[in-house]
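Asks:
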Amino acid sequence: MPAQLKMIPMTTADFERFVETSSADYAEQCRLTGLPSLETSQPEAFENLQVMLPQGPATPGQYLMLLQDEESGASVGQIWFGEVTEDNETSAFLYDLMIDPAYRRRGFAAAALELLQEEVKLRGLGSLSLNVFAHNEAAQALYRKAGFIASEITMVRTLSSD
Numbered sequence: 017m018p019a020q021l022k023m024i025p026m027t028t029a030d031f032e033r034f035v036e037t038s039s040a041d042y043a044e045q046c047r048l049t050g051l052p053s054l055e056t057s058q059p060e061a062f063e064n065l066q067v068m069l070p071q072g073p074a075t076p077g078q079y080l081m082l083l084q085d086e087e088s089g090a091s092v093g094q095i096w097f098g099e100v101t102e103d104n105e106t107s108a109f110l111y112d113l114m115i116d117p118a119y120r121r122r123g124f125a126a127a128a129l130e131l132l133q134e135e136v137k138l139r140g141l142g143s144l145s146l147n148v149f150a151h152n153e154a155a156q157a158l159y160r161k162a163g164f165i166a167s168e169i170t171m172v173r174t175l176s177s178d
């Protein structure tokens, strides 16, 4: 039976926890990719969140939600998506989808993506995009299975100072 989820808006306390976990996760993803060191990427991620979400969970056009399992009532993760306008067209962007480690591999991420797509449609937005780290093959497979296609690929080559 597929996982059944509902989205619950984050409180200020939820948001404070989200900022900590999201910043730490971003720093770890950067480390795994070979991007800037953990010492610089976590503070940078924290600062970016403060800039992008100046009013926290009440920032207009940004949606920070807890993911709750409808069967057990347990909070299984969180999701952050927002409205972005480019060339006079507004679409949705998935900034963060995090399923707590204890709830992974149970269909919650797939259920969250389905729920998100419905939410985006209800808001009258015609598309949903996201970024995924190249090393995160599990996430890439999840997104492909949900119908996402690669539209851009960013490549990096680290150069030594020799």
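Per my numbering, the sequence shown runs over residues 17 to 178. Here a beta-carbon is modelled for each residue, glycine too, at the ideal position from N, C-alpha and C. This one's a predicted model, so the numbers in the text were calculated from it and none came from an experiment.
1) Among the residues of its own chain, which have a CB less than 8 Å from the CB of L54, if the five just before and after it don't count?
2) Considering only DSSP beta bridges, list what G98 is partnered with.
3) Given a cut-off of 8 Å, decide if I165 and M193 are closer than it, judged by their beta-carbon atoms.
4) For G93, does the count of other Cβ atoms within 10 angstroms reach 16, so buried, or fall short, so exposed?
5) For E130, tell me which candidate among L144, S91, G72 and T75 has the shortest Cα-Cα distance.
6) Which residue marks the beginning of the beta strand (DSSP E) containing L144, and which one marks its end?
7) So the alpha helix (DSSP H) L129 belongs to, where does it begin and stop?
8) How big is the Cα-Cα spacing for L110 and G72?
9) Which class does P25 belong to by DSSP, given the choice of helix, strand or coil?
Replies: Considering the structure as presented:
1) Numbered from its first residue, the sequence shown carries residue 54 at position 38. Interpretation of L54 is limited by its pLDDT of 49, a score under 50 that renders its predicted location unreliable; the figure taken from the coordinates is listed afterwards. The residues are A43, E44, C46 and R47.
2) Your numbering for residue 98 matches position 82 in the sequence shown. Paired residues: Q78 and F109.
3) Examination of residue 193 is not possible in this model, given that the chain is present from 17 through 178 alone.
4) Within the sequence shown, numbered from 1, the residue matching residue 93 stands at position 77. With 16 or more Cβ atoms within 10 Å of its Cβ, G93 is classed as buried.
5) Numbered from 1 along the sequence shown, position 114 holds the residue referred to as residue 130. Measuring from the Cα of E130, the nearest candidate turns out to be L144.
6) As a first step, residue 144 is located in the sequence shown; it is residue number 128 there, counting from the start. Looking at the DSSP string, the run of the beta strand (DSSP E) that includes L144 is L144 to L146.
7) As a working mapping, residue 129 is identified with position 113 in the sequence shown. Taken as a continuous stretch (DSSP letters only), the alpha helix (DSSP H) holding L129 covers F124 to L138.
8) Position 94 of the sequence shown holds residue 110. Position 56 of the sequence shown holds residue 72. Taking the straight line joining both Cα atoms gives about 16 Å.
9) Here residue 25 corresponds to residue number 9 of the sequence shown, with the count starting at 1. Three-state result, P25: strand.
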